[in-house]
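A.B. asks: Numbering-wise (the numbering used here), the sequence shown opens with residue 7 and increments by one.
All residues carry an ideal CB built from backbone N, CA and C; glycine is no exception.
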Amino acid sequence: MRANGTLNVMAEGSYGAQPAAGLEGEPGDPVVIKKRFSGFFGTDLKEILDTHHIDTVVIAGTQTPNCVRATAFDAVSYDYRTIVLSDCTSSANEKVQRSNLEDMRAAGVEIW
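(1) Check whether the Cβ atoms of Y84 and D61 sit closer than 8 angstroms, and answer yes or no.
(2) Using a Cβ-Cβ cut-off of 7 angstroms (strictly less than) and excluding sequence neighbours within five positions of G67, which residues of its own chain qualify?
(3) By DSSP, does A27 sit in helix, in strand, or in coil?
(4) Excluding the 5 residues preceding and the 5 following S92 in the sequence, name in chain order all residues of the same chain whose CB lies nearer than 6 angstroms to its CB.
(5) Measure the CB-CB distance between A113 and V64 and report whether it falls below 8 angstroms.
(6) Buried or exposed for L51, please, with buried defined as at least 16 other CB atoms from any protein chain shown within 10 angstroms of its CB.
(7) Between which residues of its own chain and G45 is the CB-CB distance below 7 angstroms, once the five residues before and five after are set aside?
(8) How long is the line joining the alpha carbons of Q24 and E30, rounded to whole angstroms?
(9) Do you know offhand how far H59's Cα is from F79's?
(10) Cutting at 6 angstroms between CB atoms, please list the residues of its own chain near I54, excluding the five before and the five after it.
(11) What do you get for F47, buried or exposed, if any count of 16 or more other CB atoms within 10 angstroms of its CB means buried?
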């Protein structure tokens, strides 16, 4: 952990902050640099979504109990229709994955 509280694995320019192969986007696409578990925390993601009149957030990623879950709960809190792609997320093991997906479903997240 850095002195400012930023996790090194999510530091801008670090390997963990790079887009996954095939998810780089197109020139001119908005880019959100996520600095914490939630894609909303400390970013302009909500403003980007609202500017483009987007009402649905579809979430994929790794570490379902951390980044996926935090982003999903924030999206629900902001009243977005929130979808988590279960086969595009991962956890340390299947039990943790199932438990977190069911917990998010109970909170109003659609699990596909």
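C.D. replies: Quick answer:
(1) no
(2) C73, V74 and T95
(3) coil
(4) L107 and I117
(5) no
(6) buried
(7) V38, L51 and T77
(8) A straight-line Cα-Cα distance of about 9 angstroms links Q24 and E30.
(9) 20 angstroms
(10) P36
(11) exposed
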